[in-house]
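Numbering (the numbering used here), first residue to last: 7 to 146.
Cβ coordinates follow ideal geometry from the N, Cα and C atoms, glycine included.
Keep in mind it's a predicted model, so treat the numbers as computed, not measured.
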Amino acid sequence: MIFECKKPIRFHHCDPAGIVFYPQCLVLCNEVIEDWFDRGIGVDFYKLHAEIRRGVPMRHLEVDFIAPSMHGDELTFTLYVARIGGSSMDIVTTASMGEQVRFRAKQTVVWADLGGAPRATAIDGEWRERFSRFLEPHNP
């Protein structure tokens, strides 16, 4: 299964030329991960951190910037899980407008226990099952 959501490109995402400033692409990716937890995984992202005491800090990031996005565009974001390891997973987020891919990010995030000093912890039963619903290992 692939998670999908739409996001408008706002003034605050852009540089003076009206083009999305590249660090804002990463902010948008983080928003999509929050949306995925809320609507795809079924756990409020705040509750995940504050009550369940789990988080998904980034360990590795690769981004391909393919075409610029402009103020006023509405991008469609897709997210899938490419790999689930013992305590980390690879998440691929793609932003498109129509058929044109604007950027793609591959993030390795760590499943972290936040009950004290943050540390990696095993992705166990229920969580592995939830994340596995979005596992698409053969997606480009």
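Could you tell me the distance, in whole angstroms, from the CA atom of residue i to the CA atom of residue j?
i	j	result
T99	R136	18 Å
E37	Q106	21 Å
M64	I39	11 Å
F140	W133	12 Å
E10	T127	27 Å
Indicate the three-state DSSP secondary structure (helix, strand or coil) for residue i in the structure shown.
i	result
A88	strand
L141	strand
R134	helix
D21	coil
R46	Here residue 46 turns out to be Gly, not Arg, going by the sequence shown. Correct three-state label for G46: helix.
L81	strand
Please return the same chain residues whose Cβ sits closer than 6 Å to the Cβ of residue i, not counting the five positions on each side in sequence.
i	result
I47	R136
H55	G61
By Cβ distance below 8 Å, which residues in the same chain neighbour residue i in space, the five residues on each side in sequence not counted?
i	result
D50	F43, D44
Using the DSSP secondary-structure output, state which residues sit across from residue i in a beta bridge.
i	result
Q113	L67, I97
G104	Note: G104 sits in no beta bridge, so no partner.
M76	I25
Contact defined as beta carbons within less than 8 Å: I believe residue i pairs with residue j. What is the distance between those atoms, to the nearest angstrom?
i	j	result
R60	A123	Going by Cβ atoms, the distance from R60 to A123 rounds to 14 Å, so no, they are not a contact pair.
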